[in-house]
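*Asks:*
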Amino acid sequence: MTATAVPAAAPMRARVTLRQRLQDALPKLVLAPSFLLILVFVYGFIGWTFLLSLTNSKAFSNFNFIGWGNYLKLWTWTFETDPPSNWYTAIVNMGLFGGLYVVCCLIIGLGLAILLDQKIRGEGVLRPIYLYPLALSFIVTGTAWKLFLNPRIGLEKAMHDLGWTSFHFDWVVNPRMMIYCVAIAAIWGSAGFVMALFLAGLRGIDGEILKAAQIDGASTFQTYRRIIIPMLRPVFLSAMIILINMALKSYDLVLSVTGNNPGGAAELPSTFMYSYTFTRDQMAVGSASAIMMMMTIAAVMVPYLYSELREKSR
Amino acid sequence: MLKKSKLLAGAMLAAFSLAIPAHAADVKEVQMLHWWTSGGEAAALATLKDYLAKEGYTWKDVPIAGGGGSAAMTTLKAMVAAGNPPTASQILGYYALDYAKAGKLNNLNELATKEHWADVIPKALQKFAVTDGNWDAVPVNIHSVNWLWINKAVMDKIGATEPKNFDEFIAMLDKAKKAGVIPLALGGQPWQEATMFDSVVMSTGGPDFYKKAFVDLDPAALKSDTMKKAFDNLAKLRDYVDPNYAGRDWNLATAMVIKGDALVQVMGDWAKGEFSVAKKTAGTDFMCYRFPGTDGSVIYNADMFAMFQVPADRRGAQLALADATMSPAVQSAFNVIKGSVPARMDVPDTAFDLCGKKGIADVKKADAAGTFVGSMAQNYAQPPAVATAYTDVVTKFFHGQIKTSDAAVTELVKAIDAAK
Amino acid sequence: MSALNPANAAPMPARRRSPWRSRVVIYGLLLIFAVLYLMPLVVMVMTSLKPMSEITGGNMFALPHDLTFEAWAKAWGTTCVGLTCAGIKGYFWNSIKMVVPAVFISTMLGALNGYVLTKWRFAGHRMVFGLMLFACFIPYQSVLIPMAVILGKLGYIGMNLKDMTGYSFGFGNATANLVLVHVVYGLGFTTLFFRNYYAAFPTELIKAAQIDGASFFQIFRRILLPNSAPIFIVTVIYQFTNIWNDFLFGSTFAAGDNAPMTVALNNVVNTSTGVIEYNVNMAAAIIAAAPTLFVYIVAGRYFVRGLMAGAVKG
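Chains as they are written, first to last, in our numbering: chain H, 1 to 314; chain V, 1001 to 1420; chain F, 2001 to 2314.
#1: In whole angstroms, give me the CA-to-CA distance for residue 1035 of chain V and residue 1077 of chain V.
#2: State the Cα-Cα distance for the pair residue 1260 of chain V and residue 1252 of chain V, rounded to the nearest angstrom.
#3: Under three-state DSSP, which class holds residue 81 of chain H?
#4: So is residue 146 of chain H in contact with chain F if we call contact Cβ pairs under 8 Å?
#5: If you count every other CB in all the chains shown that lies within 10 Å of the CB of residue 1279 of chain V, and 16 or more means buried, which is it?
#6: For the alpha helix (DSSP H) containing residue 128 of chain H, name the first residue and the last one.
#7: So, for residue 1065 of chain V: in the same chain, excluding its five sequence neighbours on each side, which residues have a beta-carbon less than 6 Å away from its beta-carbon?
#8: Going by beta-carbon coordinates alone, are residue 1135 of chain V and residue 1112 of chain V separated by less than 8 Å?
#9: Just to check my reading of the structure: residue 81 of chain H and residue 88 of chain H have Cβ atoms closer than 8 Å, yes? What is that Cβ distance to the nearest angstrom?
#10: Establish whether the CB of residue 152 of chain H and some CB of chain V are separated by less than 8 Å.
#11: Of all the options V/1299, V/1041, V/1316, V/1239, which has the alpha carbon lying nearest to the alpha carbon of residue 1272 of chain V?
#12: For a contact defined as C-beta to C-beta under 7 Å, what are the partners of residue 2146 of chain F on chain H?
#13: Can you confirm whether the segment 1275-1295 of chain V touches the segment 1106-1124 of chain V when touching is taken to mean that 3 or more C-beta pairs between the two stretches lie within less than 8 Å?
#14: Is the separation between the beta-carbon of residue 149 of chain H and that of residue 155 of chain H shorter than 8 Å?
#15: Can you name the residues that DSSP bridges to residue 1300 of chain V?
#16: Distance check for residue 252 of chain H and residue 139 of chain H, CA to CA, integer angstroms please.
#17: Determine the DSSP secondary structure at residue 39 of chain H, reduced to helix, strand or coil.
#18: Within 8 Å, do at least three Cβ pairs link the segment 2170-2183 of chain F to the segment 93-100 of chain H?
#19: Do we get a CB-CB distance below 8 Å when we pair residue 322 of chain H with the residues of chain F?
#20: Assuming residue 1182 of chain V contacts residue 1262 of chain V under a Cβ cut-off of 8 Å, what Cβ separation, rounded to an integer in Å, is found between them?
#21: Quick check: is the beta carbon of residue 2179 of chain F nearer than 8 Å to any beta carbon in chain V?
#22: Rounded to a whole number of angstroms, what is the C-alpha to C-alpha distance between residue 180 of chain H and residue 2157 of chain F?
#23: Output yes if chain V places a C-beta closer than 8 Å to the C-beta of residue 64 of chain H; else output no.
#24: Indicate the three-state DSSP secondary structure (helix, strand or coil) for residue 2125 of chain F in the structure shown.
#25: On the three-pair Cβ rule with 8 Å, is the segment 2259-2273 of chain F touching the segment 2077-2087 of chain F?
#26: For chain V, check one thing: does any of its Cβ atoms lie closer than 8 Å to the Cβ of residue 59 of chain H?
#27: What do you reckon, is the C-beta of residue 1138 of chain V under 7 Å from a heavy atom of the ligand NAD?
#28: To the nearest angstrom, how far is it from the Cα of residue 5 of chain H to the Cα of residue 2190 of chain F?
#29: Residue 1108 of chain V and residue 1307 of chain V: beta carbons closer than 8 Å?
#30: Report yes or no: do three or more beta-carbon pairs, one from the segment 226-243 of chain H and one from the segment 1359-1374 of chain V, lie closer than 8 Å?
#31: Using a Cβ-Cβ cut-off of 8 Å, state whether residue 1022 of chain V counts as contacting chain F.
#32: What is the rounded straight-line gap between the Cα of residue 2324 of chain F and the Cα of residue 2287 of chain F?
#33: When we look at the beta-carbon of residue 1132 of chain V and count the other beta-carbons within 10 Å, is it buried (16 or more) or exposed?
#34: Would you say residue 1009 of chain V reaches chain F, if we count a Cβ-Cβ gap shorter than 8 Å as a contact?
#35: Thinking just about the alpha-carbon of each residue, which of F/2125, F/2059, F/2062 is nearest to the one in residue 2195 of chain F?
#36: How do the segment 2242-2255 of chain F and the segment 2027-2047 of chain F stand: do at least 3 beta-carbon pairs fall below 8 Å, yes or no?
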């Protein structure tokens, strides 16, 4: 796309009337309400949370500042591995869960999109099948997955009933493996969305390029690896941003799939923040963890936004 | 220009503040936030609603299920922050004190004095209903957590009798194991494990030790050999659960006992509601025994309604709600359904079943003997920060992330220190 | 140059048809995934059609023996949500009252923002967009309390307005509050979608219209809006799904009479005691998801088309 920069506002006039000035300011006026809302409700609240994280707020917010104590606490917890502190578990799980979730969603999403793009009969039936999990709320899919994966009543029992008696799958009741079950349910929920993104990307690729590649004798596999997938780079980025954002926000799913987090084994930063703020009466610690979470997001987002916006202006 | 606008603003402000006392007539409505959404609980609460309806008050229900009330507590915090609290909210122990200390609750002293609440409510429980001499919450019931719920048919089949101490308990579990029944039905969720551990500690160390450790948070008691032994005993129980226990809801564990898949569950007396729903009778189908070695003590938790500061026109309805909650009729009807024991000690036990009668007698005895103690796991021994730190340690120990009882007690002291 | 073509992309070129053996592999893989994807839904539907006795005793994958729609009737009309036993039907309307204005407002604002940020650029437009985009990533759990404080203030204004004028103008109304919250936290996404879409829109057309003397809003209405159908579909679907499925804001700010569907559903599903009626739970879950499922199945094709038209551009 060759987005030429649009000149700031309309062409200049010699005499500027009030009406004209209003006309010039109109775009900014249109944008202003949205921007103001976001300034207050996002950045104002982030500031508020940051201030709270420097206090000793417990059940309610107060403004008795104690400095960086809460961050120090989190920092010490980061290195407490035996027994693992809640924060340490949360970070490790975030890495495991987030990594698996993002990578698997990308692989499955891209795979399905490529397969669907092969001039498939019945695409209209298959596509909604991959997309529908997005439509369901986690309150329910979590419960459904918990039942489904439970060895006593779900998949394992069904397989045994069918005669496959050596089938064994007990991850959902094994604290060590629990987080993978959360990942399975989450991937099931979002891979379809990623598929839609990639499918749209594939459909947008110019057919001439493919033809040229084929004339040159490239195999289908090579065409995808060398030409098509590199061309989908922007889609990868968009998908990753949306997925990372979803991974960081997963909350209800964790609690419903694992049954309220036995052994603290399925802790994630989001559950940590919520429980410290609302049920453990340590609002300041919860706020500090929220700020840490946002810093993490910023660390991922800011470079992306920077490169993204710079590219756009070229 | 500037001055004029300031004046205008002032006038508007005045108009705003003048406009407030415009609502004159009393609002005959109570708004109640709670998390009792399932069959038995909702039916119990409905007795209160019906009672109020007879007095001409309408009931505005604000139910929020989930996470043992944590979702409801979030909503409550938001409502209070918005300056728009409900008439009353279901609340547990120290959370009530949080709101009381923050000055968010209404004073019920006049009613309390008139109705002599101080004489009929156990002293230990008054700690959570009275702050700085002011009544601001009312207890609806008393639950106790040191119970065993046993399938009688299974117990007879394996030839066991009521276990009187922890060793006999283990012997009974062994018999069940040999007979091929799941000995102990447990829901492997943090709060359930910690609730069971309350009983184990009481059984291992006795009521004085329990109080020293959990009420006084005496570090010496917390890392004593007795506490280590309690953790070792907990570890012994781990051998008797089935492999799929992790994450199981407590009522599914109860269902295992009801069906005879499992012999026994250690759970608070809300489990009785499950037996009633399944049409089982205490004494013939199932037995309720005190957790072995804890007879004579009651580890309690209670449900309370905190009364929030509401506008003056809603005050009448609030007092009616408090009065109704504390009326012997409601206390009896409510608790017969809920499976718990009335918070008033002067309610006759005629309407209750075998376990209910035993529960009422036990509470009275324990209250007199000074062995009526709050449950650590249920937020009645320590504030939430400490109680959850305790739950963390117990659940991590039970699921093997803390490996030895030595490590467990060290960790317990450390976690509680960090949370204080 | 982005990898994707603009909205009115050329029709897909003919691609080489693979030999039959690879067709088998492609269809096979697609079908396996379709089965995996459908399994939870199938279990949910079948569970909802069984009486309780069959659920507790039988195999999760077994077809219903005594087919019954009782659970559906109960979920819709008689199951208890708290002390009121009138099913979840009443909450449907609550959700719709909230979703429709929230989606409409956030989408329109997003469209206007996208228009300004691409066609009426001003100094600092990149910074403004970056700030708005980052707003997508704020963890919602940390904004609940400050949001409640602000909504409380709005309620106070509403009370006074009502005393003075007899009408509160929506201030303090729980549904209006939820609309506000969803609009605020949806703005980042809607702005992102529209900005990326309009960035690819030929600027020459806008310039020509300006020379013809068309005003800011005339250009938007006559030129951009008629060409925005694909991105409107994507944005509306995305917003509709997210807002319909939201639990956190609904339960925190609109508990009680105004509670949206998800809160009622949670009260049905997430009971702490009592027999769990899995059939009713699953039926309620499917009913609650019906509008979003419908949207995905009917509009799924347009969703992909719309994404293709610009939402996924890097």
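Here a beta-carbon is modelled for each residue, glycine too, at the ideal position from N, C-alpha and C.
*Replies:* In this structure, then:
#1: On the second sequence, position 35 is the one that residue 1035 of chain V refers to. On the second sequence, position 77 is the one that residue 1077 of chain V refers to. Between the C-alpha atoms of residue 1035 of chain V and residue 1077 of chain V there is a straight-line separation of about 15 Å.
#2: For the purposes of this step, residue 1260 of chain V is identified with residue 260 of the second sequence, where counting begins at 1. For the purposes of this step, residue 1252 of chain V is identified with residue 252 of the second sequence, where counting begins at 1. Residue 1260 of chain V and residue 1252 of chain V: Cα-Cα distance of roughly 12 Å.
#3: Residue numbering aside, residue 81 of chain H sits at position 81 when the first sequence is read from its first letter. Strand at residue 81 of chain H.
#4: In the first sequence, the residue the question calls residue 146 of chain H occupies position 146. So, not an interface residue.
#5: Here residue 1279 of chain V corresponds to residue number 279 of the second sequence, with the count starting at 1. Looking at its Cβ environment, which holds fewer than 16 other Cβ atoms inside 10 Å, residue 1279 of chain V is exposed.
#6: In the first sequence, residue 128 of chain H corresponds to position 128, counting from 1. Counting along the chain, the alpha helix (DSSP H) containing residue 128 of chain H begins and ends at 123-131.
#7: Here residue 1065 of chain V refers to the residue found at position 65 when the second sequence is read from its first residue. If you ignore the 5 residues before and after residue 1065 of chain V, its C-beta comes within less than 6 Å of the C-beta of 1035, 1037, all in its own chain and listed in chain order.
#8: The residue labelled residue 1135 of chain V in the question sits at position 135 within the second sequence. The residue labelled residue 1112 of chain V in the question sits at position 112 within the second sequence. Going by C-beta atoms, residue 1135 of chain V is nearer than 8 Å to residue 1112 of chain V.
#9: Residue 81 of chain H sits at position 81 when you count from the first residue of the first sequence. Residue 88 of chain H sits at position 88 when you count from the first residue of the first sequence. With 8 Å as the limit, residue 81 of chain H and residue 88 of chain H qualify as a contact, their Cβ atoms being about 6 Å apart.
#10: Here residue 152 of chain H refers to the residue found at position 152 of the first sequence. With 8 Å as the cut-off, residue 152 of chain H counts as an interface residue toward chain V.
#11: Against the second sequence, residue 1272 of chain V aligns to sequence position 272. Closest in alpha carbon position to residue 1272 of chain V, among V/1299, V/1041, V/1316, V/1239, is V/1041.
#12: On the third sequence, position 146 is the one that residue 2146 of chain F refers to. Within 7 Å Cβ-Cβ: 45, 48.
#13: Taking 8 Å as the limit for Cβ pairs, the verdict is that the segment 1275-1295 of chain V does not touch the segment 1106-1124 of chain V.
#14: Here residue 149 of chain H corresponds to residue number 149 of the first sequence, with the count starting at 1. Here residue 155 of chain H corresponds to residue number 155 of the first sequence, with the count starting at 1. Closer than 8 Å, so yes.
#15: Residue mapping note: residue 1300 of chain V aligns to position 300 of the second sequence, counting from 1. Residue pairing for residue 1300 of chain V: DSSP places it in a beta bridge opposite V/1144, V/1374.
#16: As a working mapping, residue 139 of chain H is identified with position 139 in the first sequence. As a working mapping, residue 252 of chain H is identified with position 252 in the first sequence. Those two C-alpha atoms are separated by around 6 Å.
#17: Here residue 39 of chain H is taken as the residue at index 39 of the first sequence, counted from 1. It is helical.
#18: Because the criterion of three Cβ pairs below 8 Å is not met, the segment 93-100 of chain H and the segment 2170-2183 of chain F do not touch.
#19: Here chain H covers residues 1 to 314 and nothing more, so residue 322 of chain H does not appear.
#20: Locating residue 1182 of chain V in the second sequence gives position 182, counting from the first residue. Locating residue 1262 of chain V in the second sequence gives position 262, counting from the first residue. Yes, they are in contact, since the Cβ atoms of residue 1182 of chain V and residue 1262 of chain V sit about 4 Å apart, within 8 Å.
#21: Along the third sequence, read from residue 1 onward, the residue named residue 2179 of chain F stands at position 179. Closer than 8 Å: no.
#22: The residue labelled residue 180 of chain H in the question sits at position 180 within the first sequence. The residue labelled residue 2157 of chain F in the question sits at position 157 within the third sequence. The alpha-carbon atoms of residue 180 of chain H and residue 2157 of chain F are separated by roughly 48 Å.
#23: Numbered from its first residue, the first sequence carries residue 64 of chain H at position 64. Closer than 8 Å: no.
#24: Against the third sequence, residue 2125 of chain F aligns to sequence position 125. Annotated three-state conformation of residue 2125 of chain F is helix, per DSSP.
#25: The segment 2259-2273 of chain F makes contact with the segment 2077-2087 of chain F, as at least three CB pairs between them are under 8 Å.
#26: If you number the first sequence from 1, residue 59 of chain H lands on position 59. Yes, because at least one Cβ of chain V sits closer than 8 Å to the Cβ of residue 59 of chain H.
#27: As presented, the structure is devoid of all ligands, the ligand NAD included, so that no description of it is given.
#28: As a working mapping, residue 5 of chain H is identified with position 5 in the first sequence. As a working mapping, residue 2190 of chain F is identified with position 190 in the third sequence. With a pLDDT of 42 at residue 5 of chain H, under the threshold of 50, the modelled position of that residue is not reliable, and no figure is offered here.
#29: Numbered from 1 along the second sequence, position 108 holds the residue referred to as residue 1108 of chain V. Numbered from 1 along the second sequence, position 307 holds the residue referred to as residue 1307 of chain V. In this structure, residue 1307 of chain V lies closer than 8 Å to residue 1108 of chain V by Cβ.
#30: Taking a contact to require three or more Cβ pairs closer than 8 Å, the segment 226-243 of chain H and the segment 1359-1374 of chain V do not qualify as touching.
#31: Looking up residue 1022 of chain V in the second sequence gives position 22. The predicted model places residue 1022 of chain V with a pLDDT of 43, which falls under 50 and marks its position as unreliable; any figure quoted below should be read in that light. Yes - at least one Cβ of chain F is within 8 Å of the one on residue 1022 of chain V.
#32: Coverage of chain F is limited to positions 2001 through 2314, which leaves residue 2324 of chain F absent and any answer about it impossible.
#33: By 1-based counting over the second sequence, the position of residue 1132 of chain V is 132. When all chains shown are included, residue 1132 of chain V counts as exposed.
#34: Counted from its first residue, the second sequence places residue 1009 of chain V at position 9. Any reading at residue 1009 of chain V must be qualified, since the residue scores a pLDDT of 49, below 50, and its modelled position is unreliable; the value itself is stated next. Put simply, the CB of residue 1009 of chain V is far from chain F, with every gap to its CB atoms at 8 Å or more.
#35: Locating residue 2195 of chain F in the third sequence gives position 195, counting from the first residue. With distances taken between CA atoms, residue 2195 of chain F lies nearest to F/2125 out of F/2125, F/2059, F/2062.
#36: By the Cβ rule, the segment 2242-2255 of chain F does not count as touching the segment 2027-2047 of chain F, because fewer than three pairs are nearer than 8 Å.
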